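Worksheet for the structure shown next.
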C-alpha cells in the first residue's frame with residue numbers, strides 16, 4: 029500500500045535563474061506551489077510525484093519584471109496560470125512531464141534525497157533537493173530583445189532548483 033507524503037510549504041522553495049544581458053543572472057522564485065509523493069516505502073524508489081505551481085506567485089524582487097513575466101510575452105498567466113510536473117519514478121534523477129505555458133515536454137532533474145526525520149511535534153518528514161535546466165523556448169517562452177553591443181536580453185537556458193520537505197500522512 030502506497031504512503032502519501034504532502035508538501036510542507038513553510039519549509040520548501042522553488043527557484044530559478046536566467047542570464048540577463050549575457051552578463052549576469054536574474055533570480056526568482058514561485059511563492060505558491062504544492063506537491064505530493066505516493067511511495068511504496070521510505071526509499072522512495074519508483075514513487076509517483078505530482079506538483080503544481082501558481083504562475084501568478086512569481087517573484088523576482090521587481091514588480092514590473094514580475095508583471096512582464098506573467099504577460100502573454102512570457103508565461104501568459106491569464107491563459108496558463110498553472111505549471112505542472114508529473115513523474116512515475118523518483119531516484120537520483122527524476123524524469124517527468126513538465127507543462128508550462130500550455131506546452132508539455134519531458135524533463136530530467138537531479139535529485140538529492142536528504143533523508144527522513146521526525147520533528148518535535150511527531151511529524152515524520154522527508155527532505156529533497158533538486159536542480160535542472162530547461163530551454164524556455166521549448167515551452168513557447170520566446171520573447172527577447174537584441175542588445176546594441178550584440179547578444180540578447182534574456183538567455184534561453186533557465187536553471188531551476190528546489191528545496192522540498194514532505195510530511196508523511198498517517
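Residue numbers (the working numbering): 29 to 198. Beta carbons: idealized from backbone N, C-alpha and C, even for Gly. Bear in mind that the values here come from a model prediction, so they are computed numbers and not experimental data.
In the DSSP assignment, residue 192 is bridged to 156.
Remark: C-beta atoms of residue 125 and residue 139 do not approach each other more closely than 8 Å. According to the DSSP secondary-structure assignment, residue 187 is paired through a beta bridge with 45, 161. Here residue 138 is bridged, per DSSP, to 121, 159.
By a beta-carbon distance limit of 8 Å, residue 117 does not contact residue 151. Their separation comes to about 26 Å. Contiguous beta strand (DSSP E) elements confined to the stretch 42-89 occur at 52-58, 61-67, 76-82, taking only those with 3 or more residues. Beta-bridge partners assigned by DSSP to residue 115: 77, 124.
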